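J.: Take 655 as the starting number for the sequence shown in the numbering used here and just add one per residue. This structure is in structure tokens; I'll ask about it shortly.
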Amino acid sequence: MEPLADHLAEELYWTQPKAMHRSYELQTADIVVGTLEFETAFGSRATARANGEAWSLKRMGFFRPHVTVRNAGSDDDLAVYRPKWTGTEGELAFRGGAIFTWTVANFWATRYEIKESSGLTLIEYKSGGKDGGLKDFFRSQAHVTITEIGRRYPQVGLLVLTGWYLILLQQSDAAAAAAAASGAD
Numbered sequence: 655m656e657p658l659a660d661h662l663a664e665e666l667y668w669t670q671p672k673a674m675h676r677s678y679e680l681q682t683a684d685i686v687v688g689t690l691e692f693e694t695a696f697g698s699r700a701t702a703r704a705n706g707e708a709w710s711l712k713r714m715g716f717f718r719p720h721v722t723v724r725n726a727g728s729d730d731d732l733a734v735y736r737p738k739w740t741g742t743e744g745e746l747a748f749r750g751g752a753i754f755t756w757t758v759a760n761f762w763a764t765r766y767e768i769k770e771s772s773g774l775t776l777i778e779y780k781s782g783g784k785d786g787g788l789k790d791f792f793r794s795q796a797h798v799t800i801t802e803i804g805r806r807y808p809q810v811g812l813l814v815l816t817g818w819y820l821i822l823l824q825q826s827d828a829a830a831a832a833a834a835a836s837g838a839d
């Protein structure tokens with residue numbers, strides 16, 4: 655895997671190589687620069703890798719849900735994401751004080767953003783695959799754009815990975831809610 659840090663200004667895509675596996679690759683020009691893999695088919699614990707580092711991400715809590723981001727194998731939080739009650743926005747607070755906002759950026763939930771505290775967009779995710787077509791219909795994929803301002807942040811690699819993790823959780827929650835609603839008579 656090549657370092658993500660060397661490809662921040664290029665077109666990036668999250669791809670799901672196998673439709674039924676919860677494993678994802680961040681690519682540019684068919685070069686893998688990051689990965690995100692869930693440990694089980696239904697759990698929330700995932701391992702993210704980029705720039706020679708690995709992190710553990712996990713959703714915790716029921717009444718006050720949050721997501722922890724840790725160095726792999728550590729119990730110390732590097733960052734904690736706390737969603738607002740709507741579930742379509744929240745704050746990702748890093749140890750040391752940096753705070754970012756993750757948000758669903760449109761009504762159809764096909765665009766997501768990570769913003770700095772002043773509201774400037776650092777990273778944008780747009781649903782859809784690199785190639786498009788029916789073969790990608792059942793895969794979670796997105797085009798990722800890191801703005802010039804976003805490339806200046808030392809946390810940008812981890813932000814790209816964490817943002818994708820939050821998108822996948824949001825999509826999973828929406829699918830579960832739709833399934834529950836369709837089963838209710």
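We treat Cβ as the ideally placed atom computed from N, Cα and C, and that holds for glycine. Keep in mind it's a predicted model, so treat the numbers as computed, not measured.
Quick one: any contact between the region 809-818 and the region 694-713, if contact means 3 or more CB pairs under 8 Å?
T.: Yes: the two stretches touch, three or more of their Cβ pairs being nearer than 8 Å.
J.: Would you call the region 656-672 in contact with the region 789-808, where contact means no fewer than 3 C-beta pairs closer than 8 Å?
T.: Yes: at least three Cβ pairs fall under 8 Å.
J.: With respect to the beta strand (DSSP E) encompassing residue 665, which residues constitute its N-terminal and C-terminal limits?
T.: Neither: residue 665 is in no beta strand (DSSP E) and is coded neither H nor E.
J.: Could you give the DSSP three-state label for residue 824: helix, strand or coil?
T.: If DSSP states are grouped into helix, strand and coil, residue 824 belongs with the helices.
J.: Could you give the first and the last residue of the continuous beta strand (DSSP E) run that contains residue 709?
T.: Its beta strand (DSSP E) spans residues 707-714.
J.: Expressed to the nearest angstrom, what Euclidean distance is found between the alpha-carbon atoms of residue 714 and residue 720?
T.: Whole-angstrom Cα-Cα distance: 5 Å.
J.: With C-beta atoms as the reference, is residue 770 less than 7 Å away from residue 757?
T.: Not in contact: residue 770 and residue 757 (Cβ atoms no closer than 7 Å).
J.: Within the same chain, show all residues whose beta-carbon is closer than 6 Å to that of residue 820, passing over the 5 residues directly before and after it, in chain order.
T.: Taken in chain order, the residues that qualify are 756.
J.: In chain order, what residues of the same chain lie with their CB nearer than 6 Å to the CB of residue 655, ignoring the 5 residues before and after it?
T.: Taken in chain order, the residues that qualify are 686.
J.: Residue 679 to residue 710, Cα distance in whole Å?
T.: Residue 679 and residue 710: Cα-Cα distance of roughly 16 Å.
J.: Does the distance from the C-beta atom of residue 732 to that of residue 718 stay below 7 Å?
T.: For residue 732 and residue 718, no; Cβs fall outside 7 Å.
J.: Tell me the rounded alpha-carbon separation between residue 784 and residue 722.
T.: Looking at the two C-alpha atoms, the distance is approximately 30 Å.
J.: From 836, 825, 816, 682, pick the residue whose C-alpha is nearest to that of residue 735; which is it?
T.: Per the Cα distances, 816.
J.: In three-state DSSP terms, what is residue 763?
T.: Reduced to three states, the DSSP call for residue 763 is coil.
J.: How many angstroms separate the CA atom of residue 743 from the CA atom of residue 684?
T.: Cα to Cα, residue 743 sits roughly 31 Å from residue 684.
J.: Hey, residue 677 and residue 691 are a contact pair by Cβ (cut 8 Å); roughly how many whole angstroms apart?
T.: That pair is a contact at about 4 Å.
J.: Buried or exposed for residue 840, please, with buried defined as at least 16 other CB atoms from any protein chain shown within 10 angstroms of its CB.
T.: With the chain running from 655 to 839 in the structure shown, residue 840 is simply not present.
J.: Less than 7 Å between the beta carbons of residue 661 and residue 689, yes or no?
T.: Their beta carbons are not under 7 Å apart, which means residue 661 does not touch residue 689 by this criterion.
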